[in-house]
Each structure stands twice: as structure tokens, then as C-alpha cells.
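In the working numbering, the protein residues as written are 2 to 313.
Inspection log for the structure reproduced underneath, given as C-alpha cells.
Listed below in C-alpha cells is the structure:
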């Protein structure tokens with residue numbers, strides 16, 4: 002509101018940068034930014050490129066990202082016999098901790114590179130980023146050592162048009178090199194267990210995030226208060242049903258594969274049939290679970306086939 006001319010010019014032309022793989026999508030994004038007063042015909046903040054192919058060299062104070070979900074990266078190949086197959090794209094970069102064809106894991110590594118020291122990131126990631134072994138475990142351990150991974154928001158199902166997507170938002174700050182890990186505590190907010198949202202009949206609203214925003218306490222993250230406790234605490238109001246819980250670094254690193262796929266609340270529908278959601282919600286959740294399982298089996302099948310498979 003009370004910005005100087007130089008500050009306004011900075012916001013319009015220099016503050017925001019983005020990369021989009023698909024040209025048509027980049028045009029839509031650029032148009033949307035222009036409608037909101039960001040960019041101009043001479044300063045387009047969106048670049049058409051493959052973000053993962055190399056280190057762009059630029060560093061940023063804040064990175065907000067919702068990387069594409071889906072199968073592992075692959076390239077379509079037409080053989081001499083006319084058959085079409087796919088071959089996994091392995092991303093190899095000197096600035097990456099691990100080499101993998103998993104796009105989501107590569108985006109986490111890429112975003113870490115993009116941050117300035119003490120830069121902040123909030124990234125939407127599917128569940129597999131939290132528990133996958135191999136490169137996934139390496140990346141989680143490195144991320145917790147070199148960055149302050151301080152918050153994890155477990156998102157409910159029913160938020161995305163793609164079926165079977167179970168997602169989270171992971172928040173971390175990049176830190177200078179250190180012999181000791183920067184992550185001290187990870188705060189997790191479970192907005193998934195016993196929550197039932199759908200895109201049409203019961204969409205997620207801003208008010209549904211109010212408690213998380215309040216507990217996140219951006220003004221002073223070191224003064225957070227858990228709402229979970231093993232036994233009810235009348236003074237603080239914390240109890241076994243609390244959705245906000247903290248884990249220290251030693252607990253996290255000792256978990257199998259350093260998995261961050263953590264839940265603690267009881268599923269009410271399993272204990273009390275009276276708490277079951279409406280049939281249409283149950284049906285949708287079953288579809289999402291089956292789609293998620295099918296996607297995992299597709300990835301396993303692709304790996305067993307050596308990363309190459311025929312496309313019908």
C-alpha cells in the first residue's frame with residue numbers, strides 16, 4: 002500500500018520467477034500474472050524450460066512449488082519396428098544428493114539448490130516422497146541435515162482432480178554448511194485422518210486451515226504449542242485427539258528409512274460404524290486408495306522391466 006516507486010517496480014518486474022515445461026501453460030500463467038499486475042510485455046516472469054535439466058544459477062529467498070505428480074520421468078522412443086516404448090529419464094546433477102528418475106524427489110533436490118542460505122520453501126509432495134527407500138531415504142536424510150525441515154502438513158484426500166493423489170506440504174529453510182544437522186524438531190499437522198473432502202460436494206475451505214495457520218505461528222516458530230498429548234492435559238487442552246504434534250530429529254532419523262510418513266490419530270470409522278462418512282465419500286476414498294495402489298504397482302512393474310516398457 003505504501004510502497005515506493007522502486008519497490009513497486011521491483012515487485013512488478015524482478016520479485017517473481019517461474020519455470021514451466023509446457024508452452025501453452027506458461028502463456029496462461031503469464032496472462033494470469035499480468036492480470037494481477039506482475040510482469041509486462043518486456044519482463045515476462047515465466048520461462049519455458051525443463052526445470053530439472055540443470056542448475057539455473059539463480060538463487061531465491063522463497064520458493065513455493067506444486068511440482069507435477071505422476072509416474073517417474075520417461076521419454077517416448079519409437080523403435081525400428083515401429084513399436085513405441087518408454088525409457089526412464091535419470092536426472093544426474095552435481096548439485097543433487099541422489100540420482101533417480103522420480104520427478105518429485107528430483108524437484109525437492111532442485112528446490113533446495115534454488116534457495117539462498119536461510120531461504121524458505123513450501124513444497125507440495127505426494128506421500129511417496131515421505132517414505133520411499135533408496136534415493137528417497139538418502140534425500141530425506143540429507144534434507145534434514147542440511148536444511149531445517151520444520152513443518153509437515155498432511156493434506157486430506159479429495160483435493161486434486163487426479164485420482165489417488167495423497168499429498169502433503171513440506172516446509173524447510175536452507176542453512177549454511179554444518180557438521181551437525183539443522184533439523185531439530187519437525188512439527189506435523191494431520192489434516193487427513195477423519196477428514197472427508199470432495200471437489201464438488203464438500204470442498205476444502207480456507208476456514209479448514211485456520212487452526213493450522215494459527216498453530217504454525219509464523220511470527221515465532223520457536224514458541225509453538227502441541228495440541229497432541231498421550232493423556233488429556235486440562236491446562237493446555239492437549240490430548241490424544243490433537244492434530245498438531247512434534248517429533249525431534251533423533252526420533253525421525255531412527256525410523257525405518259528415515260520415513261516421515263507419520264500418523265497417530267485413530268481412524269474413527271474403524272472403531273465406530275456410526276461415524277462412517279456418507280456412502281459417496283466412502284466410494285470416492287476407495288477409488289483414490291485403489292488408484293494410489295495401482296500407481297505404485299505400475300512403478301514397481303516398470304522397475305522390474307528394466308525401466309523400459311511397451312505402450313499400447
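A virtual CB, placed ideally from N, CA and C, is assigned to each residue, including glycine.
Practice prompt. On a CA-only basis, which of 126, 50 and 113 is nearest residue 61? Give me that one, please.
Written response: The candidate whose alpha carbon is nearest that of residue 61 is 113.
Worksheet item: So is residue 201 buried or exposed if we call it buried at 16+ other beta carbons inside 10 Å?
Response: A residue is called buried when at least 16 other Cβ atoms come within 10 angstroms of its Cβ; residue 201 does not meet this threshold and is exposed.
Worksheet item: In its own chain, which residues sit with a C-beta less than 7 angstroms from the C-beta of residue 268, not counting the 5 before and 5 after it?
Response: In the same chain as residue 268, and ignoring 5 residues on each side of it, the C-beta atoms closer than 7 angstroms to its own belong to 194 and 195, in chain order.
Discussion item. Do residue 125 and residue 170 count as a contact pair if the criterion is CB distance below 7 angstroms?
Written reply: Yes, they are a contact pair.
Discussion item. For residue 77 and residue 102, I'd like the C-alpha separation in whole angstroms.
Written reply: Here the model assigns residue 77 a pLDDT of 42, short of 50, so the residue's position is not dependable and the matter cannot be decided.
Discussion item. What residue range does the beta strand (DSSP E) around residue 64 cover?
Written reply: Run containing residue 64: 61-66, per the beta strand (DSSP E) assignment.
Discussion item. Using the Cβ count rule (16 or more neighbours within 10 Å means buried), how would you classify residue 150?
Written reply: By the neighbour-count rule (16 or more Cβ atoms within 10 Å), residue 150 is buried.
Discussion item. Threshold first: 4 residues or longer. Then list the alpha helix (DSSP H) segments lying entirely within the stretch 192-232, N to C.
Written reply: DSSP runs (the alpha helix (DSSP H)) wholly in the stretch 192-232: 211-217.
Worksheet item: My guess is that residue 127 and residue 168 are in contact by the Cβ rule of under 8 angstroms, so how many angstroms apart are they, rounded?
Response: Indeed, because the Cβ distance is near 6 angstroms, the residues count as touching under 8 angstroms.
Discussion item. Within the continuous beta strand (DSSP E) that includes residue 151, where are the two ends?
Written reply: Here the beta strand (DSSP E) through residue 151 covers 148-155.
Worksheet entry | When 18, 280, 180 and 47 are compared against residue 32, the one with the closest alpha-carbon | Checked all of 18, 280, 180 and 47; the closest Cα to residue 32 is 47.
Fill in: Cα-Cα separation, residue 136 to residue 23
Straight-line Cα distance between these residues: approximately 27 angstroms.
Item to complete: Tell me the start and end of each unbroken beta strand (DSSP E) in the stretch 237-267 that is at least 3 residues and wholly inside, in chain order.
Response: The stretch 237-267 contains these whole beta strand (DSSP E) runs: 245-249.
Item to complete: Just confirm the distance between the C-beta atoms of residue 56 and residue 120, as a whole number of angstroms; I'd bet it's less than 8 angstroms.
Response: Rounded, the Cβ-Cβ distance is 15 angstroms, inconsistent with contact.
Worksheet item: Comparing alpha-carbon positions, which option in 160, 26, 233 and 172 lies nearest residue 206?
Response: Closest by C-alpha distance to residue 206, out of 160, 26, 233 and 172, is 160.
Item to complete: Assess, as a yes-or-no matter, whether the stretch 251-262 is touched by the stretch 226-235 under the definition of 3 or more beta carbon pairs within less than 8 angstroms.
Response: Contact fails: fewer than three Cβ-Cβ distances are below 8 angstroms.
Worksheet entry | For residue 226 and residue 190, the rounded distance between their alpha carbons | Rounded to the nearest angstrom, the two C-alpha atoms are 12 angstroms apart.
Discussion item. Once DSSP output is grouped into helix, strand and coil, what is the label at residue 120?
Written reply: Reduced to three states, the DSSP call for residue 120 is strand.
Discussion item. So the candidates are 141, 118, 123 and 211; which of them puts its Cα closest to the Cα of residue 129?
Written reply: Minimum Cα distance to residue 129 is reached at 141.
Fill in: Same chain, Cβ closer than 6 angstroms to residue 44, neighbours up to 5 away in sequence not counted
Result list for residue 44: 14, in chain order.
Item to complete: In angstroms with no decimal places, state the Cα-to-Cα distance between residue 302 and residue 118.
Response: Looking at the two C-alpha atoms, the distance is approximately 40 angstroms.
Item to complete: Pick helix, strand or coil for residue 177, following the three-state DSSP scheme.
Response: Three-state DSSP puts residue 177 in coil, outside helix and strand.
Worksheet entry | Length of the line joining the Cα atoms of residue 309 and residue 215 | Interpretation of residue 309 is limited by its pLDDT of 45, a score under 50 that renders its predicted location unreliable; no figure is taken from the coordinates.
Practice prompt. Determine the DSSP secondary structure at residue 301, reduced to helix, strand or coil.
Written response: In the structure shown, residue 301 sits in a helix (DSSP, three-state: H, G or I).
Worksheet item: Would residue 67 be called buried (16 or more neighbouring beta carbons within 10 Å of its own) or exposed?
Response: Residue 67 is exposed by the Cβ-count criterion.
Practice prompt. Sort 59, 289 and 145 by Cα distance to residue 197 and report the nearest one.
Written response: With distances taken between Cα atoms, residue 197 lies closest to 289.
Worksheet item: Buried or exposed: which applies to residue 108, given that a residue is buried once 16 or more other Cβ atoms fall within 10 Å of its Cβ?
Response: Taking all protein chains shown into account, residue 108 has 16 or more neighbouring C-beta atoms within 10 Å of its C-beta and is therefore buried.
Worksheet item: Straight-line CA distance for residue 184 to residue 69?
Response: Approximately 26 angstroms, taken between the alpha carbons.
Fill in: Beta-ladder partner(s) of residue 21, from DSSP
Residue 21 is bridged by DSSP to 49.
Worksheet item: Helix, strand or coil: which one does DSSP assign to residue 172?
Response: Note: residue 172 maps to strand in three-state DSSP.
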